[in-house]
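Scroll down for the structure; my scribbles are underneath it.
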Amino acid sequence: MTTDSTIMDSNSFDMADIDKLTPELKTMVKRRKILGGSYRLFYKAPLDFEEGHGTKLYTPDGTEYLDAYNNIPSLGHSRKEIQEAVSNQLAKINTHTRYLNQNILNYAEDLLATFPKELNRIMFMLSGSEANDLAVRVAKAATGGEGIIVTAEAYHGNTDLITGLSPAIGSEVPMDISMRMIPTPDTYRLGTDDIGDWMAAQVKKQIVDMHRHGIKFAGIMLDSIFSSDGIFPGKKGLLKPVIDMVHKYGGVYIADEVQPGFGRTGETFWGFQRHGIVPDLVTMGKPMANGIACSALVAKADLLEEFSKNTPYFNTFAGSPVAMAAAQATLDTMKKDNTQKNSLDRGRELVSKLNNLVQKYPVLGDIRGVGLYVGIDIVKPGTKEADYNYAVRLIETMRKNHVLLSLCGPYGNVLKIRPPLVFSKEDVIRFVDMLEKSLGEMEKEGK
């Protein structure tokens with residue numbers, strides 16, 4: 066099994082290979098020393114992109130790559146509607162939330178209309194990390210507890226508080242002493258998609274352990290498709306027993322919608338809606354303003370009372386007229402273009418075409434996903450044993466064939482396919498064709 070640090074760097078450039086780069090790339094990589102050592106570059110030969118349009122990215126020499134990875138530009142790169150909304154608002158005013166402004170009110174009302182009626186308050190931040198940070202603070206204030214449960218390979222952000230609740234960052238990063246983890250809901254290796262009761266039992270076990278150690282349970286934070294854990298959307302409704310267990314023990318359910326939200330699952334606009342539940346708090350980020358820094362926390366009004374009466378919240382750039390203009394344009398365009406349906410249709414086509422490759426290429430152990438969030442479990446043929454090395458070689462070969470994707474999961478072997486929501490029929494065909502080509506090339510290399 067690979068180590069955590071290996072998984073985090075599995076798709077990263079190694080400075081030991083710098084002399085293999087072109088003179089231009091070599092110069093740029095050397096200049097990056099000023100950015101600090103924690104930054105990472107994708108791929109053995111890093112990519113320099115100069116332009117992006119729709120689902121395509123372009124290097125300075127005009128070479129085109131199919132983007133099957135970036136979910137932040139949910140409507141595609143360089144989307145005209147967002148450009149115009151931001152430019153028009155910048156020409157007027159861009160202040161903060163301590164002044165009145167129509168943009169934040171209009172967008173807040175429109176966005177809340179996509180939620181169950183119980184979720185009727187919203188606060189804005191700049192990143193998913195900030196949204197999750199605030200959600201945990203609100204959960205602790207509302208319950209008087211401190212213990213938060215996450216999955217074993219969860220990633221929820223990079224603030225000090227949320228890093229301590231993000232085990233996917235690696236074993237060398239200490240977790241919060243009051244947090245607990247439940248196992249990755251690996252439906253492939255457990256042998257069933259119907260794991261709601263199993264998950265609820267795991268949650269209860271950790272709540273009991275908290276009580277044993279004098280830690281009061283505050284809540285649970287889950288990404289409903291378990292993207293960092295390896296992409297396990299599971300059976301519809303599987304989270305119902307989990308939320309019931311959380312509420313039974315006085316906890317708060319936080320739905321992290323940074324990955325599954327805004328119609329990405331295709332079946333519903335919000336990922337949690339697939340399971341017929343109403344969370345207490347919902348966080349979102351990345352795709353909501355198509356690349357402009359913007360995130361949010363949606364909450365039940367009563368849950369905010371304890372936090373709000375004692376803690377004023379101000380975030381200088383969050384909820385600004387420009388961020389709200391970008392978010393409004395994104396939401397309006399999603400509705401106009403029905404990107405949720407496109408996600409559903411293209412996702413089904415993609416999974417169907419990928420399943421056609423399984424018999425020919427037994428390294429494709431499991432194809433799973435919902436909408437435009439799909440994982441391919443790369444295994445040693447005839448087993449369910451993860452093949453990390455093959456997976457790394459495969460995404461490098463896909464990069465050579467001008468398709469971008471990445472890896473996830475506890476073994477670092479799951480291909481993560483998470484393109485902009487405007488992925489087309491032609492993009493699906495190109496992706497599958499290039500995957501088959503890459504697999505064939507690797508098969509020949511192996512011989």
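So the sequence shown is numbered by the numbering used here: it starts at 66 and just counts up by one. Beta carbons are placed, not taken as given, at the ideal position from N, Cα and C, and that holds for glycine. These figures come from a predicted structure and were not determined experimentally.
Proximity of the segment 304 to 324 to the segment 272 to 287 meets the contact definition, three or more beta-carbon pairs being nearer than 8 Å. Boundaries cannot be given for His278, as no alpha helix (DSSP H) includes it and DSSP labels it neither H nor E.
A straight-line Cα-Cα distance of about 54 Å links Lys145 and Gly279. The Cβ atoms of Ile169 and Met389 sit closer than 8 Å to each other. Nearest Cα to Gly384 within the set Glu414, Met188, Val268: Met188. Take the alpha-carbon of His276 and the one of Gly356: they are about 42 Å apart. When Glu371, Leu176, Ala217, Asp241 are compared, the shortest CA-CA separation from Gln393 is found for Leu176. For Tyr453 against Val428, the beta-carbon gap comes to about 12 Å, at or over 8 Å, which does not count as contact. His340 has its alpha-carbon roughly 37 Å from the corresponding atom of Lys502. Comparing C-alpha distances from Lys481 to each of Val487, Phe488, Cys473 shows the shortest one belongs to Cys473. Taking C-beta separations shorter than 8 Å and ignoring five residues to either side along the sequence, the partners of Lys91 in its chain run Ile83, Asp84, following chain order. Residue pairing by DSSP puts Cys473 in a beta bridge opposite Val479. Under a 10 Å Cβ-count criterion, Met310 is classified as buried, with 16 or more other Cβ atoms of the shown protein chains found around its own Cβ. With contacts defined by Cβ atoms closer than 8 Å, Val323 and Asn159 do not form a contacting pair. Under DSSP, Gly350 takes part in no beta bridge, so it has no partner. Taken through DSSP and simplified to helix, strand or coil, His161 comes out as coil. Of all alpha-carbon atoms in Glu218, Pro344, Gln338, the one lying nearest the alpha-carbon of Asn185 is that of Pro344. The DSSP assignment places 225 to 228 as complete runs of the alpha helix (DSSP H) inside the segment 208 to 253, in order along the chain (cut-off: 4 residues). When the five nearest sequence neighbours on each side are left out, the beta carbons in the same chain lying within less than 6 Å of the beta carbon of Ala200 are those of Ile319, Leu346, Thr348, Leu362, in order along the chain. With a threshold of 16 other beta carbon atoms within 10 Å, Tyr104 falls short and is exposed. The Cβ atoms of Asn153 and Pro352 do not sit closer than 8 Å to each other. Contact check for Phe372 against Ala196 fails: the beta carbons are separated by 8 Å or more.
For Gly412, the enclosing alpha helix (DSSP H) starts and ends at 404 to 420. In summary, Ile494 is exposed, with fewer than 16 beta-carbon neighbours lying within 10 Å of its beta-carbon over all protein chains present. Contact between Glu461 and Tyr108 holds: their C-beta atoms lie close to 7 Å from each other, under 8 Å. Between the segment 400 to 410 and the segment 418 to 434 there are fewer than three C-beta pairs closer than 8 Å, too few to call the two in contact. Ranking Asp225, Glu218, Leu437, Gly261 by CA distance to the CA of Arg245 puts Glu218 first.
Setting aside the 5 residues that flank it on each side, Glu115 is surrounded in the same chain by Tyr123, Thr124, Pro125, each with a C-beta closer than 8 Å to its C-beta; the list follows chain order. Counting only runs of 4 or more residues that sit fully inside the segment 265 to 315, the alpha helix (DSSP H) segments are 305 to 313, in chain order. Counting along the chain, no alpha helix (DSSP H) covers Gly336, and no H or E run does either. The beta carbon of Ile342 is closer than 7 Å to those of Leu304, Lys305, Ile308 in its chain, skipping five residues each way along the sequence. Its Cα nearest to that of Ser192, the residue Ile227 stands out among Ile227, Arg329, Leu470, Asp397.
The Cβ atoms of Ser194 and Gly222 lie closer than 8 Å to each other.
Taking all protein chains shown into account, Ile443 has 16 or more neighbouring C-beta atoms within 10 Å of its C-beta and is therefore buried. Only exposed fits Gln424, as fewer than 16 other CB atoms lie within 10 angstroms of its CB. Around the Cβ of Lys270, a 10 Å sphere holds fewer than 16 other Cβ atoms; the residue is exposed.
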